[in-house]
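Data first, discussion second: the structure below is written as structure tokens.
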Amino acid sequence: MKKILIIDDDKVNQDILFKAFSQNDYEVISVYDSVDSIENIIKYKPDLIILDILMPKLDGFEVLQIMKKKLIIPKIPVIVLTALKEDGSFKKALELGAEDCLLKTDYNPSELVKKITKRLRS
7 MKKILIIDDD
17 KVNQDILFKA
27 FSQNDYEVIS
37 VYDSVDSIEN
47 IIKYKPDLII
57 LDILMPKLDG
67 FEVLQIMKKK
77 LIIPKIPVIV
87 LTALKEDGSF
97 KKALELGAED
107 CLLKTDYNPS
117 ELVKKITKRL
127 RS
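Residues 7 to 128 (this note's numbering) are what the sequence shown spells out, left to right.
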């Protein structure tokens, strides 16, 4: 069973993603506090990470930078979900090693599951 680690302080979004992936035979680990994210990445060794950008304490960009320093990227693919659209967030996330970026307002959970399933099979 493939493991997905979701790092997002938004409980509603976490619940939506948890349900979508769990129903498709993924083991889902939810992390609400970005400060605990690196520890949980090392502990659970996920096959893919879904990362929010706007979080208290450490934002998603800082998490990506730490992951890059610890050589977690490119070993584990990261998909960024963000509410930020026009401020260069996508470009910055991709430069820091994210594999893809999606707007929280535009993504469809079932389409995301299909996309990630295809990615993890390749």
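For glycine and all other residues, C-beta sits at the position ideal for the given N, C-alpha and C.
- For the pair residue 117 and residue 126, the Cα-to-Cα distance works out to about 14 Å.
- 68 is the residue among 54, 68, 37, 113 whose C-alpha sits nearest the C-alpha of residue 98.
- In chain order, 12, 14, 36, 38 place their CB closer than 8 Å to the CB of residue 20, counting only its own chain and leaving out the 5 sequence neighbours on each side.
- Within the model, the alpha-carbon separation for residue 111 versus residue 31 is close to 25 Å.
- Per DSSP, residue 33 lies in no alpha helix (DSSP H); the unbroken beta strand (DSSP E) holding it starts and ends at 33–37.
- Here residue 58 is actually not in contact with residue 9; their C-beta atoms are around 18 Å apart, not less than 8 Å.
- In the DSSP annotation of this structure, residue 106 is not part of any alpha helix (DSSP H); the continuous beta strand (DSSP E) holding it starts and ends at 106–109.
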